[in-house]
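Chains as they are written, first to last, in the UniProt record's numbering: chain E, 1 to 323; chain V, 1 to 339.
The structure is reproduced here in structure tokens:
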């Protein structure tokens with residue numbers, strides 16, 4: 001009796017609160033969440049910097065000023081300079097590009113792999129399901145950083161050798177740019193670490209949605225499988241997926257920094273926050289600004305993604321859809 | 001009256017960790033055009049699985065082992081999936097127990113309602129929406145056109161069930177299978193839904209299979225009733241004959257468990273002790289004997305078939321019991337009189 005009364009009450013609230021579209025409702029709930037909005041601002045700014053940062057930097061990220069090595073923050077160098085006299089602010093702005101591209105690309109790759117594997121597992125079941133779950137278990141059982149280090153150590157040399165061979169064969173300058181090797185390895189390692197999470201999420205979503213009553217009702221109305229997938233299963237699986245992607249973007253950026261910190265990430269000259277933190281750490285007693293700049297930036301972005309993820313989670317929470 | 005749906009020897013079982021659970025065990029019944037058949041039994045007696053088997057909407061662990069489901073002479077169990085989809089929604093409409101979860105929360109009511117019309121009837125989106133608005137008004141949701149743009153969470157439970165009914169009736173099916181459509185609703189809404197289905201039935205002539213565990217609902221809507229227990233039909237009779245002259249101990253027990261308006265207050269309702277068994281093999285005993293007050297030795301060694309009862313007021317009255325429960329009652333009365 002009590003539960004009936006409670007559901008009846010909350011239903012009235014929802015009916016009155018929303019006379020519009022579910023997505024609009026979700027956006028309204030997201031905007032009403034202060035932390036999420038605070039989180040969105042740095043994220044938008046980060047993406048803006050990733051695109052336009054290089055045009056805004058006061059100095060080139062490689063420009064070395066030997067007269068001002070290890071300079072403290074000043075009006076000329078707002079965040080000071082590093083050992084080689086490079087402007088820290090410029091390097092942080094460039095680093096946004098590394099962080100965003102690594103985040104986007106690795107998340108996209110792992111999302112696609114996870115979507116395919118997860119849907120296959122969830123929909124086909126049986127042996128396919130068993131194989132996919134086994135693969136995710138194996139991947140997840142290995143520590144992420146160890147996996148990245150192993151990949152870097154085992155694949156980097158052969159890949160570079162292959163690039164050199166290709167250069168000698170084609171005389172195409174592209175194959176001389178070894179930073180591509182770094183990027184491919186970092187993207188690959190990140191995707192490998194992250195796809196099992198997406199695959200499991202999607203598998204779980206499909207398994208749970210497939211047994212929902214509205215799917216049974218749609219089948220009872222004679223709807224074909226393709227239509228049920230596109231109209232019923234996928235839209236209802238989107239909410240948790242959006243939340244996971246938001247968290248995953250932030251997670252990938254942090255992981256990339258961790259790789260760089262350990263020396264298996266993107267190698268110089270492309271600036272990476274993790275690498276800058278790692279370099280700055282050596283001198284943090286005498287020149288704390290080298291550590292503070294990238295570390296604070298990293299912290300802001302991490303917290304922002306966490307807040308946005310929480311906000312999205314609340315906004316898209318299926319509990320409130322009464323379905 | 002001609003036979004619309006003829007089910008013969010339907011057998012469905014579930015694969016479980018150790019072997020099988022036998023959910024539907026050789027169920028046979030028929031449904032005439034325009035007839036309303038009530039199916040009663042407690043939870044887990046196989047009534048829902050039986051109905052899902054008819055249009056093969058079973059979960060993956062279940063398989064139909066045997067039987068025929070002839071809809072106007074066409075065996076649905078042999079039909080390929082493409083034609084089966086035309087039957088689902090086209091000729092057989094279904095409504096389910098929980099209207100709160102039976103609608104896709106992501107699609108507005110209009111789009112959802114027009115899908116079967118577009119798919120089965122080849123209507124354009126515009127025609128389908130116009131028809132959906134009419135259907136909403138038909139099931140008693142006023143201002144249908146405006147409500148088409150709304151989402152399921154903006155509808156109450158009773159209204160959602162009305163939408164489900166409108167959807168299942170939209171392609172003018174020959175049979176409407178209603179699987180406990182009122183169980184999740186409160187009592188006043190239940191009565192409204194029963195009335196609505198009756199009204200639609202009388203207007204369109206659709207045959208209805210109404211699954212429920214509520215005998216009082218069946219009394220109000222059904223022409224004929226089958227009583228199921230442990231995957232068997234244990235009694236089948238026209239609704240009046242069943243209520244006046246129940247012949248299976250289980251039916252008697254179900255009726256005893258009904259609260260009556262005139263009954264003395266303060267007394268406990270009679271119940272049937274225990275719960276129905278999950279059959280792990282086909283029994284060579286009456287599956288009800290463990291809970292049956294009339295059980296005799298034969299019940300433990302042989303499973304009775306569904307056979308016409310003695311001195312029936314109607315030829316269609318059949319029961320599966322070794323004991324003529326009227327005689328037992330008479331005997332005990334006689335004993336009481338002589339002492």
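Where a beta carbon is used, it is the ideal one built from N, C-alpha and C, also for glycine.
Values in this document were obtained by computation on a predicted structure and should not be read as measured data.
CB of residue 327/V within 9 Å of CB of residue 207/V, strictly:
No. Outside cutoff.
Residue 121/V versus residue 156/V: straight-line alpha-carbon distance, rounded
If you draw a straight line from the Cα of residue 121/V to the Cα of residue 156/V, it comes to about 29 Å.
Contact between the region 49-58 of chain V and the region 213-232 of chain E (3+ Cβ pairs under 8 Å)
Counting Cβ pairs under 8 Å, three or more are found: they touch.
Identify every residue that forms a DSSP beta bridge with residue 12/V.
Answer by DSSP bridge pairing, in chain order: 24/V, 64/V.
Mind checking who residue 175/V pairs with in its DSSP beta bridge?
Its beta-bridge partners are 92/V, 207/V.
Quickly, what does DSSP pair residue 65/E with across the bridge? List them, please.
Listed as beta-bridge partners of residue 65/E by DSSP are no residues whatsoever.
Three-state secondary structure (DSSP) of residue 311/V
In the three-state scheme derived from DSSP, where H, G and I count as helix and E and B as strand, residue 311/V is classed as coil.
Compare the C-beta of residue 211/E with all C-beta atoms of chain V and state if any pair is closer than 9 Å.
Yes - at least one Cβ of chain V is within 9 Å of the one on residue 211/E.
So, is the C-beta of residue 322/E closer than 9 Å to a C-beta in chain V?
Caution is warranted here: a pLDDT of 42 is assigned to residue 322/E, below 50, making its placement in the model unreliable, and no coordinate value can be reported.
Just to make sure I have the definition right: I need the residues of chain V whose C-beta is within less than 9 Å of the C-beta of residue 283/E. Which are they?
Per Cβ cutoff of 9 Å: no residues; residue 283/E is ~55 Å from chain V at best.
Could you tell me which of 55/E, 92/E, 73/E sits nearest to residue 294/E, measuring between CA atoms?
For residue 294/E, the nearest C-alpha among the options comes from 92/E.
Drop a sphere of 10 angstroms on the beta-carbon of residue 254/E, count the other beta-carbons inside from all chains shown, and report buried for 16 or more, exposed for fewer.
By the neighbour-count rule (16 or more Cβ atoms within 10 Å), residue 254/E is buried.
Near residue 163/E, which residues of its chain fall below 8 Å by C-beta distance, leaving aside the five closest residues on each side in sequence?
175, 176, 178, 180, 181, listed in sequence order.
Under the assumption that residue 239/V contacts residue 223/V (Cβ atoms under 8 Å), give the Cβ distance between them as a whole number of angstroms.
Confirmed, about 6 Å.
Would you mind working out which of 287/E, 272/E, 223/E sits nearest residue 88/V, comparing C-alpha positions?
Ranking the options by Cα distance to residue 88/V, first place goes to 223/E.
I need the DSSP call for residue 42/V, collapsed to helix, strand or coil.
Note: residue 42/V maps to coil in three-state DSSP.
With three or more beta-carbon pairs closer than 8 Å as the criterion, would you say the region 79-95 of chain E touches the region 105-124 of chain E?
In short, these stretches do not touch, since the Cβ pair count stays below three.
Can you pull the chain V residues whose beta carbon is under 7 Å from the beta carbon of residue 235/E, in chain order?
Correct list: 106.
Is the CB-CB distance between residue 263/E and residue 203/E below 9 Å?
The beta carbons of residue 263/E and residue 203/E sit no closer together than 9 Å.
Neighbouring residues, chain V, relative to residue 224/E (Cβ below 7 Å):
Ordered by position in chain V, the residues that pass the 7 Å Cβ test against residue 224/E are 85.
Does the distance from the C-beta atom of residue 93/V to that of residue 207/E stay below 9 Å?
No, the pair does not count as a contact, with Cβ atoms beyond the cut-off.
Simplified DSSP assignment, three categories, for residue 30/V:
DSSP places residue 30/V in strand when its eight states are reduced to three.
Residue 295/E: contacting residues in chain V (beta-carbon distance under 8 Å):
Taking the beta carbon of residue 295/E as reference, no residue of chain V falls within 8 Å; the closest one sits roughly 42 Å away.
Is it buried or exposed, residue 126/V, if we count other Cβ atoms within 10 angstroms and call 16 or more buried?
Residue 126/V comes out exposed.
Provide the residue span of the alpha helix (DSSP H) that contains residue 298/V, from first to last.
297-301 is the extent of the alpha helix (DSSP H) around residue 298/V.
List the residues of chain E whose Cβ lies closer than 8 Å to the Cβ of residue 55/V, in chain order.
One finds 220 in chain E with Cβ atoms closer than 8 Å to the Cβ of residue 55/V, taken in chain order.
Determine whether the Cβ of residue 46/V lies closer than 9 Å to any Cβ atom of chain E.
No, residue 46/V lies away from the interface with chain E (no Cβ there is under 9 Å from its Cβ).
Any beta carbon from chain E within less than 9 Å of residue 249/V's own beta carbon?
The C-beta of residue 249/V comes no closer than 9 Å to any C-beta of chain E.
Taking the CB atoms as reference points, tell me whether residue 285/V and residue 323/V lie closer together than 9 Å.
The Cβ atoms of residue 285/V and residue 323/V lie no closer than 9 Å to each other.
Mapping DSSP to helix, strand and coil, what is residue 250/V?
Reduced to three states, the DSSP call for residue 250/V is helix.
Cα-Cα separation, residue 45/V to residue 235/V:
Distance between the alpha carbons of residue 45/V and residue 235/V is about 13 Å.
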